[in-house]
Amino acid sequence: MDKLSTYEVAWLVGGAERAALVTFVALAADGRLDVAYKRQRVKVARTESTYPVEAAALALVPESGIGVTELLARLAALPEVAGLNAAVRAKGQLRFLRWFSSTYRDLAARPGTGLRRVAVLGVPGIEDVQLRDMLEHPLPDLPKIDPVVPVRDNTIDGSIGPSSGTWTAG
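Using UniProt numbering, you'd call the opening residue of the sequence shown number 1 and step up by one each time.
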């Protein structure tokens, strides 16, 4: 169990999504990401990184910032996260057999503290209350508006539908 890094433990227990979560929590806890909790957006504060997964995560964040849910989805799709599969296999662990593994049972029985706890338990393992609340209650997606059909509703009750697009000069 001690031979696995925190990111490898996260991948073994919860797959790419859990590894992305642990990466995000590590960067936010260290202050390398500035988190706007109400808007659920992040910006890069510092660019130093220890692991390739962290460097790739910091490279994903544009200067204007990115939403937390979008960042987590992009993180899970990174090749560096997919590379955790090979690292875990090289250490003798197989993800599809994790339920039968003594390593997995030990992790579930003693999740540990800090990032290791997040790797094993997921969002409930996050100690920072604001960060945990933000990840438990993500903002809903913004509605998609068709750019071809303009929405012209300036009434209070919403009784006017989209225009038909016919206009004649008088």
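C-beta atoms are modelled at their ideal positions from N, C-alpha and C, and glycine is treated no differently.
Just so you know, these numbers come straight off a predicted model, no measurement behind them.
task: Have a look at V118, A26, E63 and P52 and flag the residue whose alpha-carbon is nearest the alpha-carbon of P79.
output: The residue you call residue 79 lines up with position 79 of the sequence shown. Out of V118, A26, E63 and P52, P52 has the C-alpha closest to the C-alpha of P79.
- request: Indicate whether the contact test is met: 3 or more Cβ pairs, each with one atom in the segment 106-123 and one in the segment 19-37, closer than 8 Å.
  value: yes
C-beta contact flag for I126 and V118 at 9 Å: Against the sequence shown, residue 126 aligns to sequence position 126. Against the sequence shown, residue 118 aligns to sequence position 118. Yes, they are a contact pair.
message: Relative to the C-alpha of E63, which candidate in A73, A16 and T47 has its C-alpha closest?
response: As a first step, residue 63 is located in the sequence shown; it is residue number 63 there, counting from the start. For the residues A73, A16 and T47, the minimum Cα distance to E63 belongs to T47.
query: Where does A36 fall in DSSP's three states?
result: Taking the sequence shown and counting its residues from 1, one reaches residue 36 at position 36. Correct three-state label for A36: strand.
task: Check whether the segment 72-89 touches the segment 34-49, taking contact to mean three or more Cβ pairs, one atom from each stretch, closer than 8 Å.
output: no
message: Measuring only the C-alpha atoms, how far is A76 from L135?
response: What you label residue 76 is simply residue 76 of the sequence shown in a count that begins at 1. What you label residue 135 is simply residue 135 of the sequence shown in a count that begins at 1. Distance between the alpha carbons of A76 and L135 is about 15 Å.
- request: Could you check the C-alpha separation between D141 and Y37 for me, to the nearest Å?
  value: The residue you call residue 141 lines up with position 141 of the sequence shown. The residue you call residue 37 lines up with position 37 of the sequence shown. Their Cα atoms are separated by approximately 16 Å.
message: Can you give me the C-alpha to C-alpha distance between A56 and R74, rounded to a whole angstrom?
response: The residue given as residue 56 occupies position 56 in the sequence shown. The residue given as residue 74 occupies position 74 in the sequence shown. Whole-angstrom Cα-Cα distance: 10 Å.
- request: Under 8 Å by Cβ, that's how I've got L72 and L21 pegged, so tell me the actual separation to the nearest angstrom.
  value: The residue labelled residue 72 in the question sits at position 72 within the sequence shown. The residue labelled residue 21 in the question sits at position 21 within the sequence shown. Between L21 and L72 the Cβ distance is about 7 Å, and since that is below 8 Å, they are a contact.
query: So, helix, strand or coil for G14, using DSSP?
result: On the sequence shown, residue 14 is found 14 positions in, with the first residue counted as 1. Note: G14 maps to helix in three-state DSSP.
message: What would DSSP say about A67, mapped onto helix, strand or coil?
response: Within the sequence shown, the letter at position 67 stands for residue 67. Per the sequence presented here, residue 67 reads as Gly, with Ala not at that position. Correct three-state label for G67: strand.
Cβ shell of E8 (< 6 Å), same chain only, five flanking positions each side left out: Here the question's residue 8 lines up with position 8 in the sequence shown. L84, A87 and V88, listed in sequence order.
message: Please tell me whether K3 and K91 are closer than 9 Å, where the distance is taken between their beta carbons.
response: Along the sequence shown, read from residue 1 onward, the residue named residue 3 stands at position 3. Along the sequence shown, read from residue 1 onward, the residue named residue 91 stands at position 91. Yes, the Cβ-Cβ distance between K3 and K91 is below 9 Å.
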